[in-house]
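According to the working numbering, the sequence shown holds residues 110 to 560 in order.
C-beta atoms are modelled at their ideal positions from N, C-alpha and C, and glycine is treated no differently.
Below is one structure, written out as structure tokens, with a few remarks after it.
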Amino acid sequence: MAPNEPDTVSAQEAPEFAPAQFVRWFREVAPYVHDFRGKTFVIAFGGELVGDGALNTLVQDLSLLSAVGVRLVLVHGSRPQVNEQLKLKGYQTQFGRGTEPTSVEALECAKEAAGEIRLDIEAAFSQGLPNTPMSHAHIRVISGNFVTARPVGVIDGIDYKHAGAVRKLDLDAIKNIINQGAIVLLSPLGFSPTGEAFNLAMEDLATSAAVSLRAEKLIFLTQGRTVLDADGLVDTELAREDADALLATGTLDEDTASFLAHASRAVKRGVARAHLVPYTLDGSVLLEIFTHDGVGTMVVEDTLDDLRPATVDDVGAIVQLIEPLEEDGTLVPRGRSVIERDVEKFTVLEHDGVIYGCVALMPYRDENMAEMACLIVHPEWQGTGEGEILLRHTESRARAMGARRLFVLTTRTSHWFIKRGFVQGGIADLPRERQAHYNRSRNSLIFIKKL
110 MAPNEPDTVS AQEAPEFAPA QFVRWFREVA PYVHDFRGKT FVIAFGGELV
160 GDGALNTLVQ DLSLLSAVGV RLVLVHGSRP QVNEQLKLKG YQTQFGRGTE
210 PTSVEALECA KEAAGEIRLD IEAAFSQGLP NTPMSHAHIR VISGNFVTAR
260 PVGVIDGIDY KHAGAVRKLD LDAIKNIINQ GAIVLLSPLG FSPTGEAFNL
310 AMEDLATSAA VSLRAEKLIF LTQGRTVLDA DGLVDTELAR EDADALLATG
360 TLDEDTASFL AHASRAVKRG VARAHLVPYT LDGSVLLEIF THDGVGTMVV
410 EDTLDDLRPA TVDDVGAIVQ LIEPLEEDGT LVPRGRSVIE RDVEKFTVLE
460 HDGVIYGCVA LMPYRDENMA EMACLIVHPE WQGTGEGEIL LRHTESRARA
510 MGARRLFVLT TRTSHWFIKR GFVQGGIADL PRERQAHYNR SRNSLIFIKK
560 L
């Protein structure tokens, strides 16, 4: 290298903020851009976000999503603004979470608050100053009478008056708008065929919109409300059944429980992913969407109900899955006795009594690492996401064990792991015990993922 020639480093090894780091990041987000172009996201946030001054930053990030082809439907709330209006006018009523009786006076306050927030959102999307993220952004925001509502009515003897529930949405109109690249904005108000207005819960409206539109994602932006694991870290992914079990414990605070319940309901009714993302973290929407693990809690429908721990009775089926891959050299030969010894470390996929997938997790607790091995899906069942579910399940198990890194050894499937966030390492990166048992004659590649 010439004396005055600048040092160059690979993108993987670049320090933070170095040009190569930027290139690496840009390349890493490309698969997400390709995947989400043309998909519909419903993004919902309460009036707290507006009151905390986070609207402009959010709009800048949403304009970027729109620019890369994501179809956006925004749902805003106005609860704190309505409560402030009620307080200023001398009324004692204050709204909390959920659906509550809405008087004529409270409905008028809801209309005023929704109108003010809608104008604030439209103004934020109209920005276009040079040298800002909104420069050259020409984004149309369209709102209207898209939501037909019905009265909640009388429940347990209580008349809910002008509190409403979603009856239906004008899906044709909404789809026509987002297909043209504009953003649909839904306020927490709905209208009946008789011309009456009803106060709606933002969470219910957003869930109904996501389900009706068959959205790819429903994202709730919260005041730091995400689900934490036993170590106090964000639980980045929950199967819907696990979310429901957590809700049943009654240990969550009211806000988190409300958002998680709506996320679970949306996923159960067909939304691919539902997220709880803290708007208090700068750029949280982009981080949640364009990074593998995100920064919030994602709820998914684990459609494979037969994902379960292996038992001794499953050893024969596991051996049948593994043997063809041992014979062609993809897997190192283990033998039935080894499978029997380690069977409690396996998870299997079973359908109608047939085991068609498996994976094993070997912990190395002293070094906060774990090895994933024998990730197999029978060829007849491949191509419909079972491998992804086994991987996510194993990552969750490894985190629960306290592992901070997950590694695999492979000779033929390196690209599959690279696409899912694994980075190639070396023998020295393995736990010391695993280094001692590394089979150098196989020369397996080592891939590691931070959890």
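Listed in chain order, the non-local C-beta contacts of residue 361 below 8 Å within the same chain comprise 336, 355 and 369, local neighbours out to five positions each way being set aside. When secondary structure is reduced to three states using DSSP, residue 178 falls in the coil class, being assigned neither helix nor strand.
For the pair residue 408 and residue 357, the CB atoms are not nearer than the 7 Å cut-off. Within the segment 138-226, the complete alpha helix (DSSP H) runs of at least 4 residues fall at 156-160, 164-176 and 188-197. Rounded to the nearest angstrom, the Cβ distance from residue 224 to residue 190 is 10 Å, too far for a contact under 8 Å. CA-CA distance, residue 301 to residue 258, rounds to 5 Å. Annotation: the continuous beta strand (DSSP E) that includes residue 326 extends over 326-331.
Apart from sequence neighbours up to five positions away, the residues of its chain that approach residue 188 with a beta-carbon distance below 7 Å are 155, 156 and 204, ordered along the chain.
Within the same chain, and ignoring the five residues on either side of residue 375 in sequence, the residues whose Cβ sits closer than 7 Å to its Cβ are 316, 319, 320, 327 and 383.
In the structure shown, the three-state DSSP call for residue 471 is strand. Residue range 495-509 is occupied by the alpha helix (DSSP H) that includes residue 496. Residue 269 and residue 277 have their C-alpha atoms roughly 20 Å apart. Excluding its 5 nearest sequence neighbours in each direction, residue 379 has C-beta neighbours in its own chain below 8 Å: 320 and 323, listed in chain order. With respect to the 7 Å criterion, residue 507 and residue 515 are classified as neighbours on the basis of their beta carbons. Residue pairing from DSSP places residue 385 in a beta bridge opposite 329 and 406. Rounded to whole angstroms, the gap between the alpha carbons of residue 287 and residue 183 is 11 Å. The residue from 487, 470 and 488 with its alpha-carbon nearest to that of residue 480 is 470.
Of 340, 252, 396 and 330, the smallest CA-CA separation from residue 365 is found for 330.
In the three-state reduction of the DSSP assignment, residue 289 falls in the coil class, being assigned neither a helical nor a strand state.
Spatial neighbours of residue 164 in its own chain (CB-CB distance under 8 Å, excluding positions within 5 residues in sequence) are listed in chain order as 158, 229, 230 and 233. Secondary structure of residue 294 (DSSP, three-state): strand.
Per DSSP, residue 421 is not a residue of any beta strand (DSSP E), being assigned neither H nor E.
Ranked by Cα distance from residue 489, the first of 430, 520 and 528 is 430. Take residue 476, set aside five residues on each side of it, and the residues of its chain with a beta-carbon closer than 6 Å to its own are 540, in chain order. Per DSSP, the continuous alpha helix (DSSP H) segment holding residue 544 begins and ends at 541-545. In the three-state scheme derived from DSSP, where H, G and I count as helix and E and B as strand, residue 268 is classed as strand. DSSP places residue 394 in the uninterrupted alpha helix (DSSP H) bounded by 393-399. 530 is the residue among 530, 271, 547 and 555 whose C-alpha sits nearest the C-alpha of residue 134. With distances taken between CA atoms, residue 446 lies nearest to 421 out of 486, 421, 181 and 555. By the neighbour-count definition (other C-beta atoms within 10 Å, threshold 16), residue 297 is a buried residue. Under the DSSP definition of a beta bridge, residue 347 partners with 408. The three-state reading of DSSP puts residue 131 in helix, counting H, G and I together. Judged by beta-carbon spacing, residue 175 lies within the 7 Å limit of residue 248, meaning their Cβ atoms are closer than that value. Between residue 200 and residue 214, the gap from beta carbon to beta carbon is short of 7 Å. The residues 466, 484, 486 and 525, in chain order, have a CB closer than 8 Å to that of residue 496 in the same chain once the five nearest residues on each side in sequence are set aside. The DSSP assignment places 445-450 as complete runs of the alpha helix (DSSP H) inside the segment 444-468, in order along the chain (cut-off: 4 residues).
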